[in-house]
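A short write-up of the structure that comes next.
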Amino acid sequence: MVSILLFILETLITTVTAQQLCVPYTSSFTFTSGYPAIWTTPTSDVFNTQEFQQVNSSIDWSKVPNIKPHTLVNGVVDKTGYSASDPDCWWSYNQCTSPKAPGLQPDVVLCPEPGTLGLTYDDGPNCSHTVFYDFLKEKNQKATMFFIGSNVAAFPYEAKRALTDGHQVCVHTWSHQPMTTLTNDEALAELYYSRKTIKYVMGVTPLYWRPPFGDVDDRIRAIAQQLNLATIIWNLDSNDWNMVPAGIEQPAQIDDIFQGLVDLGKNGTFANSGAIVLQHELNNGTMSKAIEWYPKIKSAYKHVVPIASCMNVTRPYAESNYTYPSFAEYISKNSSSTLKASYISLIFGVIAIFIAQLFSISIF
């Protein structure tokens with residue numbers, strides 16, 4: 006009976022999520038000056054400002070490898086003619102995460118704790134994420150959210166909720182472009198103005214970022230690192246972004262991928278170290294899939310945690326007055342909350358049985 010009720014509840018949540026629509030609104034935040042146009046690659050309009058020129062001057066460009074930007078062909082980064090030795094540690098070419106240029110930190114790719122899954126969602130904040138965030142809050146689940154600066158500017162109150170709910174917020178650039186195709190100025194502006202927007206709206210300055218499409222090389226890493234931004238990638242991909250109607254894969258195909266992620270959590274693949282999964286706050290479809298598969302993901306891995314906690318980073322922002330739970334603190338608090346919820350469920354169950362017996366009502 007209980008399993009049937011849970012199934013009905015999950016179905017209702019998924020249905021409601023899919024039916025939510027964006028409702029434009031005005032806010033107290035203004036982005037008419039001091040920022041690039043929303044959802045456009047930064048141009049000379051910002052490059053020529055005193056603010057950006059000061060940021061540009063703060064970069065030691067001698068420490069940025071002289072790597073020529075790649076080009077887009079039919080919307081895809083062109084790999085033609087690139088050396089098979091992968092001299093630039095270009096993730097899009099060979100999923101390289103250990104930089105070859107001197108002085109660069111390696112990308113964060115997995116959670117070091119065995120059996121642990123780092124839960125991440127890209128491309129937020131989404132204007133219709135209320136039910137999704139409510140679901141995460143109900144489950145006492147924190148995650149790492151990679152926010153696009155343009156989305157933060159468009160939906161500031163949704164962005165603020167992520168921090169209020171205890172999620173870790175990171176930079177996901179201003180307009181979600183393949184970063185290795187951009188000039189140095191464009192790449193710098195994509196990172197800087199996204200971080201600036203998050204600080205303006207949410208009051209924190211992230212120390213981590215994720216490149217759109219994973220497209221990063223040592224040139225881009227060097228620029229990000231000088232902005233005090235460490236690079237986070239992933240080693241598990243849900244491919245949820247490619248589900249119809251936004252993509253070309255059917256929901257059943259995405260379900261197969263999620264089932265594979267569950268199987269990996271159960272079969273000992275991560276017995277010695279953990280994983281980081283890529284999911285998306287992109288649209289109602291991806292958020293619905295996140296809700297649908299969360300219980301199985303949660304049961305398949307020993308711990309499901311945000312990246313800051315899995316890496317034992319207690320200060321994921323530049324501000325010293327904001328601290329985040331370590332891995333031990335997070336799992337301890339999460340376990341206590343789960344145990345408390347179990348006790349509450351048990352108490353209500355006993356009360357229900359008592360009432361049923363009292364009134365001779367069958368509840369089975």
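Count along the sequence shown from 1, add 5, and you get the number used in this note's numbering.
Quick reminder that beta carbons are idealized off the backbone N, C-alpha and C, glycines included.
Exposure of Tyr-30 is indicated by the presence of fewer than 16 other C-beta atoms within 10 angstroms of its C-beta. When Pro-111, Ser-103, Glu-118 are compared, the shortest CA-CA separation from Tyr-335 is found for Glu-118.
Put simply, the stretch 239-259 does not touch the stretch 190-204. Fewer than three CB pairs are less than 8 Å apart. With at least 16 other beta carbons inside 10 angstroms of its own, Leu-115 counts as buried. Contact annotation, Pro-211 with Ile-225: C-beta distance approximately 16 Å; criterion of less than 8 Å not satisfied.
Assignment of beta-bridge partners to Thr-125 by DSSP yields Thr-149, Leu-283.
With a threshold of 16 other beta carbon atoms within 10 Å, Asp-220 meets it and is buried. Per the Cβ contact rule, the stretch 133-146 is not in contact with the stretch 174-182 (fewer than 3 Cβ pairs under 8 Å). Annotation: the continuous alpha helix (DSSP H) that includes Cys-315 extends over 312-315. Annotated three-state conformation of Tyr-197 is helix, per DSSP. In the structure shown, the three-state DSSP call for Leu-232 is coil. Here Asp-242 carries a strand assignment [DSSP, helix/strand/coil].
In terms of Cβ geometry, His-285 and Asp-128 form a close pair [threshold 7 Å]. The beta-bridge partner set that DSSP reports for Pro-211 consists of Tyr-322. Trp-214 is classed as buried because its beta carbon has at least 16 other beta carbons within 10 Å across all chains shown.
Straight through space, the alpha carbons of Tyr-329 and Arg-320 are spaced by roughly 6 Å. Of all C-beta pairs linking the stretch 286-303 to the stretch 260-277, three or more are shorter than 8 Å, placing the two stretches in contact. Tyr-126 is the residue among Gly-80, Tyr-126, Asp-223 whose C-alpha sits nearest the C-alpha of Asn-244. Residue pairing by DSSP places Glu-254 opposite Met-248 in a beta bridge.
Residue environment: Ile-253 is assigned as exposed (fewer than 16 neighbouring CB atoms within 10 Å of its CB, all protein chains considered).
Boundaries of the alpha helix (DSSP H) harbouring Val-157: 154-159, taken from the DSSP string. For Gln-58, the uninterrupted alpha helix (DSSP H) segment begins and ends at 55-63. In this structure, the beta-carbon distance from Ala-305 to Gly-279 does not fall below 7 Å. Assignment of Ile-225 by DSSP, reduced to helix, strand and coil, places it in the helix class. DSSP, reduced to helix, strand and coil, places Leu-269 within a helical segment of the structure shown. Counting of Cβ neighbours within 10 angstroms places Asp-65 among the exposed residues, the total staying below 16. If you look at Val-174, you'll find it isn't in any alpha helix (DSSP H); it sits in the beta strand (DSSP E) that goes 173-176. Residue range 289-305 is occupied by the alpha helix (DSSP H) that includes Ser-293.
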